[in-house]
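The block underneath contains the structure these notes are about, expressed in structure tokens.
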């Protein structure tokens, strides 16, 4: 599918040697391991209902390290099943310790809501787990009348570092039950916490640890990250704890084809190139016409909207029946609108979506076939995080990085080894 599409593009009238490099990453088979001690029967029952008969190597390594009372940092690829690495130990603890609590921290409210849905869907598959789990989000959208009930009754709180800093830690006496029994703190999408933001989060973690010590608790920290160069160092700086690195990714991956696409010159003497926006429009429309489910990432809301409108215009001329199969997605939309787009994308009813970085993180939108990245997102980690949105199963996938005409991106076009070396 991917190779035939690339050949189709190369043979089109629009093609003008834009492809400067193709990096092909081989398919990888799944690797499994058995736990030293099996999971409790209710958890095994849920996994069976989900069609999971065996756990990947990194999932087993994480669970056993947590059973050994270690703090862990999990660094594996996108859609590798990191969520099970902390959900299973959390629920296992809840089944055996009725008063235990856990705190999950995500950088955005959308991710927190996505995780809440996943936890509840998991728990509802078994009555024993369903009785044991009282999961809630606690953030700026939580109404005042619900906050006391969440505080007093929930054993799994899903929130973000800002709310922990402003809404929970200053009022820790009201949360004494929760902190006294805290067993796990999960810090997901850890690679987001860098620079000044990361420094602030590290200080919030130290306040959290100090308050837990005040109430006699020593929770285990579980940090999860996309592929970065120094996950262990970052996790230890964020938490102040000695961590164990879990990076033996056992999840299957389909072959990935990563294309570097440099728009052609309009005026070579003045170094004017064709707009990356119109290049993205052309590629996305062609992908949709070939029934290839595609996400296009842009660096700004206005660009996401422009690409969306341009693609609709092109489809109206070439394939009018596909006009309604594309949507734009960005932070300015109402939560209900964003959830609807996520649902349609997950179900496969949408063939294309243009997005800002709002969909870069791990919101579950299912398995996509292709990803267009319009402009360098700022870090190589973000580039690979966006690319990981395509090929979330074992099928082949296509990622196209479309460069702007600025020094950094033109350097990357000339030196692909900087991205893939």
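Numbering (the numbering used here), first residue to last: 733 to 1153.
All C-beta atoms in this analysis are idealised placements derived from N, C-alpha and C, irrespective of residue type, glycine included.
Where do the ends of the beta strand (DSSP E) carrying residue i lie?
{"i": "residue 924", "result": "Run containing residue 924: none; DSSP gives neither H nor E here."}
{"i": "residue 957", "result": "952 to 957"}
{"i": "residue 833", "result": "833 to 837"}
{"i": "residue 888", "result": "888 to 891"}
Per DSSP, which residues does residue i bridge with? Please list them.
{"i": "residue 989", "result": "756 and 1130"}
{"i": "residue 1029", "result": "1087 and 1105"}
{"i": "residue 1059", "result": "1085"}
{"i": "residue 1005", "result": "997"}
{"i": "residue 803", "result": "975"}
{"i": "residue 1122", "result": "1100"}
{"i": "residue 764", "result": "788"}
{"i": "residue 751", "result": "993"}
Provide the residue span of the alpha helix (DSSP H) that contains residue i, from first to last.
{"i": "residue 1077", "result": "1067 to 1079"}
{"i": "residue 864", "result": "859 to 864"}
{"i": "residue 815", "result": "814 to 828"}
{"i": "residue 1141", "result": "1139 to 1146"}
{"i": "residue 896", "result": "Careful: residue 896 lies outside any alpha helix (DSSP H) and carries neither H nor E."}
{"i": "residue 1136", "result": "Premise fails: residue 1136 is in no alpha helix (DSSP H) and is neither H nor E."}
{"i": "residue 735", "result": "734 to 742"}
{"i": "residue 877", "result": "876 to 885"}
{"i": "residue 1149", "result": "1149 to 1152"}
{"i": "residue 1053", "result": "From DSSP, residue 1053 is part of no alpha helix (DSSP H); its letter is neither H nor E."}
{"i": "residue 984", "result": "Taken as a continuous stretch (DSSP letters only), residue 984 belongs to no alpha helix (DSSP H), as it is neither H nor E."}
With DSSP collapsed to three states, give me the class of residue i.
{"i": "residue 1040", "result": "helix"}
{"i": "residue 915", "result": "strand"}
{"i": "residue 977", "result": "strand"}
{"i": "residue 786", "result": "coil"}
{"i": "residue 1100", "result": "strand"}
{"i": "residue 1022", "result": "coil"}
{"i": "residue 867", "result": "strand"}
{"i": "residue 852", "result": "helix"}
{"i": "residue 1112", "result": "helix"}
{"i": "residue 960", "result": "coil"}
{"i": "residue 769", "result": "coil"}
{"i": "residue 948", "result": "coil"}
{"i": "residue 745", "result": "coil"}
{"i": "residue 1010", "result": "helix"}
{"i": "residue 809", "result": "coil"}
{"i": "residue 777", "result": "helix"}
{"i": "residue 930", "result": "helix"}
{"i": "residue 873", "result": "coil"}
{"i": "residue 920", "result": "coil"}
Quick check on the burial criterion: 16 or more other C-beta atoms within 10 angstroms. Buried or exposed for residue i?
{"i": "residue 846", "result": "buried"}
{"i": "residue 863", "result": "exposed"}
{"i": "residue 1185", "result": "Examination of residue 1185 is not possible in this model, given that the chain is present from 733 through 1153 alone."}
{"i": "residue 898", "result": "exposed"}
{"i": "residue 736", "result": "exposed"}
{"i": "residue 1063", "result": "exposed"}
{"i": "residue 1119", "result": "buried"}
{"i": "residue 793", "result": "buried"}
{"i": "residue 1045", "result": "exposed"}
{"i": "residue 819", "result": "buried"}
{"i": "residue 988", "result": "buried"}
{"i": "residue 908", "result": "exposed"}
{"i": "residue 797", "result": "buried"}
{"i": "residue 1023", "result": "exposed"}
{"i": "residue 893", "result": "buried"}
{"i": "residue 782", "result": "exposed"}
{"i": "residue 764", "result": "exposed"}
{"i": "residue 1056", "result": "exposed"}
Is any heavy atom of the ligand PLP found at a distance shorter than 7 Å from the C-beta of residue i?
{"i": "residue 783", "result": "Ligands in the displayed structure: none, and consequently the ligand PLP is not present."}
- Message: Does the contact criterion of 3 or more C-beta pairs under 8 Å hold for the segment 1108 to 1128 versus the segment 1054 to 1072?
- Response: Too few Cβ pairs lie closer than 8 Å, so no.
- Are the segment 951 to 966 and the segment 801 to 809 touching, with three or more C-beta to C-beta distances below 8 Å? Yes, the segment 951 to 966 touches the segment 801 to 809.
- the segment 912 to 927 contacting the segment 825 to 842, beta-carbon criterion three pairs below 8 Å: By the Cβ rule, the segment 912 to 927 counts as touching the segment 825 to 842, because three or more pairs are nearer than 8 Å.
- Query: Are three or more beta carbon pairs between the segment 843 to 858 and the segment 900 to 909 nearer than 8 Å?
  - Reply: Not touching, per the Cβ criterion.
- Task: Could you say if the segment 973 to 983 and the segment 786 to 798 meet the contact criterion of at least three C-beta pairs nearer than 8 Å?
- Result: Yes: the two stretches touch, three or more of their Cβ pairs being nearer than 8 Å.
- Query: Is the segment 852 to 868 in contact with the segment 880 to 900, if contact means three or more CB pairs nearer than 8 Å?
  - Reply: Flag = yes, the segment 852 to 868 and the segment 880 to 900 touch.
- Message: Could you check whether the segment 1027 to 1035 touches the segment 747 to 765, counting it as contact only if at least three pairs of C-beta atoms, one from each stretch, sit closer than 8 Å?
- Response: Between the segment 1027 to 1035 and the segment 747 to 765, the count of C-beta pairs closer than 8 Å stays below three; the two stretches do not touch.
- Say whether the segment 996 to 1016 touches the segment 1129 to 1138, bearing in mind that this needs 3 or more beta-carbon pairs closer than 8 Å, one atom from each stretch. Three or more beta-carbon pairs drawn from the segment 996 to 1016 and the segment 1129 to 1138 are found closer than 8 Å, and the two stretches are therefore classed as touching.
- Would you call the segment 1073 to 1090 and the segment 1031 to 1051 touching, i.e. three or more CB-CB distances under 8 Å? By the Cβ test, the segment 1073 to 1090 is in contact with the segment 1031 to 1051, since at least three Cβ pairs between them sit closer than 8 Å.
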